[in-house]
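A short write-up of the structure that comes next.
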Amino acid sequence: MFLQLKDTGDLVKIVDVQELLDPNNETIHGQDQEGQEEQETDIFKKDELVFPSGESLPRCWLDANYRKAK
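By the count of the working numbering, the sequence shown reaches residue 136 at its end, each step adding exactly one.
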(Lines of atoms letter the chains of each structure in order from A and count residues from 1; the text may use other names and numbers.)
(Lines give C-alpha, C1' and ligand atoms only; values in the text may rest on other atoms or scores of the structure.)
Protein backbone atom coordinates (compact mmCIF):
# COMPACT_ATOMS: atom_id res chain seq x y z
CA MET A 1 0.00 0.00 0.00
CA PHE A 2 1.24 3.48 -0.82
CA LEU A 3 0.48 6.74 0.96
CA GLN A 4 1.73 10.24 0.29
CA LEU A 5 3.50 12.78 2.51
CA LYS A 6 1.39 15.92 2.89
CA ASP A 7 4.24 18.41 2.70
CA THR A 8 6.35 16.99 -0.14
CA GLY A 9 3.98 14.76 -2.08
CA ASP A 10 6.50 11.90 -1.94
CA LEU A 11 5.06 8.38 -1.98
CA VAL A 12 5.68 6.09 0.98
CA LYS A 13 5.36 2.31 0.77
CA ILE A 14 3.75 1.03 3.98
CA VAL A 15 5.71 -1.90 5.43
CA ASP A 16 3.04 -3.19 7.84
CA VAL A 17 -0.59 -2.35 7.06
CA GLN A 18 -1.76 -3.57 10.49
CA GLU A 19 0.49 -0.93 12.08
CA LEU A 20 -1.26 1.69 9.93
CA LEU A 21 -4.74 0.51 10.89
CA ASP A 22 -4.02 0.47 14.66
CA PRO A 23 -5.25 3.82 16.07
CA ASN A 24 -2.92 3.42 19.07
CA ASN A 25 0.16 3.83 16.85
CA GLU A 26 1.10 7.43 16.05
CA THR A 27 3.89 6.34 13.71
CA ILE A 28 4.34 3.68 11.04
CA HIS A 29 7.30 2.11 9.26
CA GLY A 30 7.57 2.79 5.56
CA GLN A 31 9.94 3.23 2.65
CA ASP A 32 10.18 6.56 0.82
CA GLN A 33 9.81 5.92 -2.90
CA GLU A 34 12.52 8.15 -4.36
CA GLY A 35 14.87 7.07 -7.09
CA GLN A 36 15.08 3.60 -8.56
CA GLU A 37 16.85 1.92 -5.63
CA GLU A 38 14.94 0.36 -2.71
CA GLN A 39 15.11 2.82 0.20
CA GLU A 40 15.78 2.00 3.85
CA THR A 41 12.78 1.65 6.15
CA ASP A 42 12.04 4.85 8.04
CA ILE A 43 9.46 6.01 10.60
CA PHE A 44 6.65 8.34 9.53
CA LYS A 45 4.00 10.10 11.62
CA LYS A 46 0.54 9.01 10.55
CA ASP A 47 -0.85 12.56 10.76
CA GLU A 48 1.65 13.61 8.04
CA LEU A 49 0.26 11.06 5.55
CA VAL A 50 -2.66 11.12 3.11
CA PHE A 51 -3.87 8.84 0.34
CA PRO A 52 -2.27 9.53 -3.06
CA SER A 53 -5.61 11.09 -4.11
CA GLY A 54 -5.12 13.73 -1.38
CA GLU A 55 -7.85 12.28 0.83
CA SER A 56 -7.12 12.19 4.56
CA LEU A 57 -6.68 8.94 6.44
CA PRO A 58 -9.83 7.69 8.22
CA ARG A 59 -10.23 9.01 11.75
CA CYS A 60 -10.54 5.44 13.09
CA TRP A 61 -6.91 4.83 11.97
CA LEU A 62 -5.67 7.90 13.87
CA ASP A 63 -7.79 8.21 17.01
CA ALA A 64 -8.47 5.27 19.34
CA ASN A 65 -11.34 7.24 20.91
CA TYR A 66 -13.03 8.18 17.63
CA ARG A 67 -16.42 6.82 18.80
CA LYS A 68 -16.58 9.07 21.86
CA ALA A 69 -18.33 12.39 21.37
CA LYS A 70 -16.26 15.50 21.83
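Ideal Cβ positions, reconstructed from N, Cα and C, are used throughout, including at glycine.
Please state whether DSSP places residue i in a helix, a strand or coil.
i: residue 102; result: coil
i: residue 72; result: coil
i: residue 123; result: coil
i: residue 157; result: Residue 157 cannot be examined here, being either before or after the span of the chain that is shown, 67 to 136.
i: residue 113; result: helix
By alpha-carbon positions, which one of the options ends up nearest to residue i?
i: residue 102; options: 77, 112 and 83; result: 77
i: residue 29; options: 81, 87, 121 and 134; result: The structure shown does not extend to residue 29, since the chain spans only 67 to 136, so no value can be given for it.
State the start and end residues of the unbroken beta strand (DSSP E) segment that holds residue i.
i: residue 78; result: 77-80
i: residue 45; result: Nothing in the structure corresponds to residue 45, since the chain is present only between 67 and 136.
In its own chain, which residues sit with a C-beta less than 7 Å from the C-beta of residue i, not counting the 5 before and 5 after it?
i: residue 116; result: 69, 70, 72, 122 and 123
i: residue 109; result: 93 and 95
Once the 5 residues before and after residue i are set aside, which same chain residues still bring their CB inside 8 Å of it?
i: residue 118; result: 68, 69, 70 and 77
i: residue 99; result: 68, 76, 77, 78, 79 and 105
Hey, could you find the ends of the alpha helix (DSSP H) residue i is sitting in?
i: residue 92; result: Counting along the chain, residue 92 falls outside any alpha helix (DSSP H), and DSSP gives it neither H nor E.
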